[in-house]
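Q:
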Amino acid sequence: EPEVTQTPSHQVTQMGQEVILRCVPISNHLYFYWYRQILGQKVEFLVSFYNNEISEKSEIFDDQFSVERPDGSNFTLKIRSTKLEDSAMYFCASSESRFATADTQYFGPGTRLTVL
Amino acid sequence: GEDVEQSLFLSVREGDSSVINCTYTDSSSTYLYWYKQEPGAGLQLLTYIFSNMDMKQDQRLTVLLNKKDKHLSLRIADTQTGDSAIYFCAEIPPGAGSYQLTFGKGTKLSVIP
């Protein structure tokens, strides 16, 4: 069964450093998303992406964040200068269409980011 | 605005039924979802319900929707130890171009053998 994959599973970085989190969405999907979950808190939407541009972004997704689809398979989230409060589990998701249906979004296993 | 609330913990004995509850505040939401997260894994879509339905059954899972009270529940019949996980209620709030899922904090289900 096709699935969303994410690498690395755990990333440790120093405050102020840049990190890139990688995702490989399901191959025939066209819409891509990043969510994050700070420990003990809700899963929060960050950004959605379609046709090589951002469709929607939340207030969390400020200038320190960027997304890119550098090739036909990868979808990346970059944090330019990490802060302690960026420590969280980051989930990538993809969907075939942008219409809310039962199989709207499939999630990857997540990357745990720890900022020291 | 939109907000999804769930109780944080539920403990049941193996073989009993589990009922996980969720309340949401945006009555215009048309799609409501239940996701499951096992330890170390991603979010797995379990089931969903459209707002024009009151109930949906899928094998051991039963979803009940009370739109008047904005209450959603997930019942797991004959709960097994493999059902131990965190269960998230989620909605996609209505709005032009809004396809972002809004999640509750999740309910941690512990199944006692």
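As given, the protein sequences belong to chains A and B, one line each in that order. When you line the first sequence up against my numbering, it's residues 232 to 347, in that order. When you line the second sequence up against my numbering, it's residues 6 to 118, in that order. Backbone N, C-alpha and C fix where the C-beta goes; we use that ideal spot for every residue, glycine too. Since we're looking at a predicted model, the values are computed, not measured.
Assess, as a yes-or-no matter, whether the region 273–283 of chain A is touched by the region 293–313 of chain A under the definition of 3 or more beta carbon pairs within less than 8 angstroms.
A: These segments touch.
Q: For the beta strand (DSSP E) that Met320(A) lies in, which residues bound it at each end?
A: First-last of the beta strand (DSSP E) with Met320(A): 319–326.
Q: What are the partner residues of Lys288(A), as DSSP defines its beta bridges?
A: Bridge partners of Lys288(A): Val278(A).
Q: For Pro340(A), go through chain B and note every residue whose CB falls closer than 8 angstroms to its CB, in chain order.
A: Result: Gly45, Ala46, Gly47.
Q: Hey, could you find the ends of the beta strand (DSSP E) Asp63(B) is sitting in?
A: Per DSSP, Asp63(B) belongs to the beta strand (DSSP E) from 60–63.
Q: Counting only beta-carbon separations shorter than 9 angstroms, does Thr314(A) have a partner in chain B?
A: Looking at the sequence shown, residue 314(A) is not Thr but Lys. Cβ-Cβ to chain B under 9 angstroms: no for Lys314(A).
Q: Could you list which residues in chain B have their beta carbon closer than 8 angstroms to that of Gln272(A), in chain order?
A: Lys110, listed in chain order.
Q: Output the boundary residues of the beta strand (DSSP E) element that contains Lys273(A).
A: Neither: Lys273(A) is in no beta strand (DSSP E) and is coded neither H nor E.
Q: Please list, in chain order, the chain B residues whose beta carbon lies closer than 8 angstroms to that of Ser279(A).
A: Neighbours of Ser279(A) on chain B, chain order: Tyr104, Gln105.
Q: Please report the distance separating the alpha-carbon of Glu43(B) from that of Gly247(A).
A: Going from the Cα of Glu43(B) to the Cα of Gly247(A) covers about 32 angstroms.
Q: I want to see whether chain A comes within less than 9 angstroms of Val9(B), judged by CB atoms only; does it?
A: Interface residue, yes.
Q: Does Phe322(A) come within less than 9 angstroms of chain B when only Cβ atoms are used?
A: Yes, Phe322(A) counts as interfacial toward chain B.
Q: Give a yes or no on contact between the region 22–29 of chain B and the region 259–273 of chain A, applying the rule of three or more CB pairs nearer than 8 angstroms.
A: No, because fewer than three Cβ pairs between the region 22–29 of chain B and the region 259–273 of chain A fall closer than 8 angstroms, the two stretches do not touch.
Q: Can you check DSSP and say which residues form a bridge with Ser16(B)?
A: According to DSSP, which records beta bridges pairwise, Ser16(B) is partnered with Ser115(B).
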